[in-house]
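What follows is a single structure, written as structure tokens, with notes after it.
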Amino acid sequence: MNKIITNSEKETFEFAKNIAQTLKGSETLCLIGDLGSGKTAFVKGLAKGLGVADMITSPTFVLMKNYDVETGHAPSLRKLVHIDAYRLLSGKDLEAIGINDYLNNPLYITVIEWADRVRASWPKDCLKINFKTLRGNKREIIIHKT
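Printed below as a string of structure tokens:
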């Protein structure tokens with residue numbers, strides 16, 4: 004378990020940007036936290052660290068977005084898959100949008116916001132990342148490997 008306190012959205016962004024450098028492909032990051040706790044800021048930093056050129060927005064209504072990753076980051080890595088499970092009712096809904104095409108595949112890094120809603124569909128070796136709002140702009144981020 005790793006725990007960090009960030010003092011601003013920018014620090015959360017930079018923390019995720021640094022984590023991106025450790026990812027090689029096939030990882031699934033399951034993000035859990037209340038609205039406004041820093042999940043999307045984290046995904047934006049992760050994307051920047053992976054060399055994604057597109058603007059990152061939470062895919063609440065489209066459920067899933069794929070972003071091209073800068074070539075050379077990792078030999079096989081091609082895409083960042085960003086899923087917002089807020090409107091999903093179960094893991095079956097996640098499977099219906101094609102999650103199994105991406106899980107444990109070295110071509111992809113998969114990030115699921117509101118992952119607690121679809122816990123039954125998590126791969127057994129995901130990174131569970133909890134976000135908690137503290138005072139002001141401070142956030143507590145705890146990373147567990149499942």
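Whatever position you read off the sequence shown (first residue = 1), add 3 for the working numbering. Beta carbons are placed, not taken as given, at the ideal position from N, Cα and C, and that holds for glycine.
Any chain B beta carbon closer than 8 Å to residue i
| i | result |
| --- | --- |
| T63 | No chain B appears in the structure shown, which is made up of a single protein chain. |
Member of the options whose CA lies at the smallest distance from the CA of residue i
| i | options | result |
| --- | --- | --- |
| N133 | F16, C33 and L26 | C33 |
As assigned by DSSP and simplified to three states, the class of residue i
| i | result |
| --- | --- |
| R142 | strand |
| E116 | strand |
| I59 | coil |
| G52 | helix |
| T90 | For clarity, residue 90 is Arg in the given sequence; the question names Thr instead. Three-state DSSP puts R90 in coil, outside helix and strand. |
| L97 | helix |
| F16 | helix |
Rounded separation between residue i and residue j - CA only
| i | j | result |
| --- | --- | --- |
| F16 | N108 | 25 Å |
| Y70 | F18 | 20 Å |
| A123 | G54 | 31 Å |
| D75 | K27 | A quick correction: the sequence has Gly, not Asp, at residue 75. If you take the alpha carbons of G75 and K27, they lie about 11 Å apart. |
| W125 | E30 | 11 Å |
| I112 | G139 | 31 Å |
| K131 | E73 | 25 Å |
| D37 | T136 | 8 Å |
| E148 | K127 | With the sequence shown as reference, residue 148 is identified as Lys, and Glu is not the correct amino acid for it. Each residue's alpha carbon lies about 9 Å from the other. |
| K68 | H85 | 5 Å |
Residues that residue i bridges to, as DSSP identifies them
| i | result |
| --- | --- |
| F134 | G36 and I144 |
| L83 | Y70 and I112 |
| I192 | Any question about residue 192 goes unanswered here, given that the chain covers just 4 to 149. |
| T31 | T113 |
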